[in-house]
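In what follows, a single structure is set out as structure tokens and then discussed.
In my numbering, the protein residues as written are 47 to 334.
Here is the structure:
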């Protein structure tokens with residue numbers, strides 16, 4: 047009984063836990079080993095050449111997210127940066143199975159996070175999100191993952207999303223590890239009419255899946271092995287967004303202007319009519 051137990055324990059009542067065994071157990075040893083491994087990982091990553099250029103840009107929580115991805119078997123090694131920007135850097139990396147992947151790391155202290163809020167507000171998937179930088183950037187990273195998955199399911203060629211962890215997105219690498227795919231802006235198209243037809247189809251499939259890219263141009267469509275791939279879909283909004291029509295018309299103007307310069311008969315109004323000629327499915331369950 048409790049009273050008898052207290053009477054038999056040295057010291058005043060309430061000290062009955064004083065003889066509790068607090069020596070190390072296996073969990074303690076594992077935890078300490080993991081802490082040492084993380085500290086070693088953190089030092090190696092911070093000292094790596096590809097991260098030195100961003101000294102102070104990534105907080106320890108970001109490095110912890112990268113470490114978690116390594117521990118979970120998604121990443122095995124890091125390469126150099128593919129691209130750098132105000133909001134995020136994209137790095138080459140190797141997955142545990144040896145495949146090359148792209149790792150997009152959004153910086154919590156992104157200087158241009160206000161425009162992220164503009165794209166998030168009005169998106170029903172992110173209603174009620176807090177307005178601080180951390181909440182905005184973490185939501186944006188999840189949003190890009192969700193947009194990639196929805197576009198992929200709709201038959202749009204985008205980098206296949208693999209996993210998201212905090213402000214880190216792992217996805218398919220388009221191109222080779224040492225030779226990232228060039229954008230439409232950087233290549234000479236042998237058949238611009240065919241390329242335009244492909245982009246029109248992608249835009250229509252996106253719309254059919256309930257999405258509008260919102261920043262589509264020759265700078266975020268890449269070319270690899272004769273195939274076009276749309277990238278940077280973080281800002282893509284659902285058709286419910288209050289500015290969805292404005293964004294779509296801007297996409298149409300950008301795309302038509304580029305292909306017109308390639309000699310294609312591309313009209314923004316005709317492109318808009320083509321894209322919207324299918325019924326949008328806001329749930330993302332678009333048909334073929």
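For every residue, glycine included, the Cβ atom is placed at its ideal position computed from N, Cα and C.
What are the start and end residues of the beta strand (DSSP E) that includes residue i?
{"i": "residue 265", "result": "Taken as a continuous stretch (DSSP letters only), residue 265 belongs to no beta strand (DSSP E), as it is neither H nor E."}
{"i": "residue 234", "result": "Counting along the chain, residue 234 falls outside any beta strand (DSSP E), and DSSP gives it neither H nor E."}
{"i": "residue 274", "result": "273-276"}
{"i": "residue 108", "result": "Counting along the chain, residue 108 falls outside any beta strand (DSSP E), though it belongs to the alpha helix (DSSP H) covering 106-117."}
Quick one: give me the first and last residue of the alpha helix (DSSP H) that residue i is part of.
{"i": "residue 206", "result": "Element bounds for residue 206: n/a, residue is neither H nor E."}
{"i": "residue 182", "result": "179-199"}
{"i": "residue 166", "result": "159-166"}
{"i": "residue 323", "result": "No alpha helix (DSSP H) holds residue 323; DSSP gives it neither H nor E."}
Can you tell me the Cβ-Cβ gap for residue i and residue j, rounded? I've got them flagged as a contact below 8 Å.
{"i": "residue 170", "j": "residue 259", "result": "Not quite, the Cβ-Cβ distance comes to about 18 Å (not below 8 Å), so this is no contact."}
{"i": "residue 120", "j": "residue 208", "result": "7 Å"}
{"i": "residue 256", "j": "residue 197", "result": "No, residue 256 and residue 197 are not in contact; Cβ-Cβ is about 10 Å, not under 8 Å."}
{"i": "residue 193", "j": "residue 301", "result": "In fact, because the Cβ distance is near 18 Å, the residues do not count as touching under 8 Å."}
{"i": "residue 228", "j": "residue 283", "result": "Residue 228 to residue 283, Cβ: 27 Å. No contact."}
{"i": "residue 116", "j": "residue 137", "result": "In fact, because the Cβ distance is near 13 Å, the residues do not count as touching under 8 Å."}
{"i": "residue 142", "j": "residue 122", "result": "5 Å"}
{"i": "residue 168", "j": "residue 254", "result": "Actually they are not in contact, since the Cβ atoms of residue 168 and residue 254 sit about 20 Å apart, beyond 8 Å."}
{"i": "residue 215", "j": "residue 191", "result": "6 Å"}
Using DSSP bridges, identify the partner residues of residue i.
{"i": "residue 283", "result": "258"}
{"i": "residue 149", "result": "137 and 216"}
{"i": "residue 123", "result": "140"}
{"i": "residue 221", "result": "226"}
{"i": "residue 240", "result": "Note: residue 240 sits in no beta bridge, so no partner."}
Whether or not the segment 193-205 and the segment 271-287 are in contact is what I'm after, with contact meaning three or more pairs of Cβ atoms, one per stretch, closer than 8 Å; do they touch? yes
Are at least three pairs of beta-carbons, each pair with one atom in the segment 314-331 and one in the segment 245-260, less than 8 Å apart? The segment 314-331 is in contact with the segment 245-260.
Take every Cβ of the segment 104-111, pair it with every Cβ of the segment 217-226, and state whether three or more of those distances are shorter than 8 Å. no
The segment 157-167 / the segment 126-139 touching (three or more Cβ pairs under 8 Å): yes
Below 8 Å, how does it come out for the segment 177-193 and the segment 111-130: are there three or more Cβ pairs, yes or no? no
Hey, which unbroken runs of the alpha helix (DSSP H) at 4 residues or more fall wholly within the segment 284-310? 290-307
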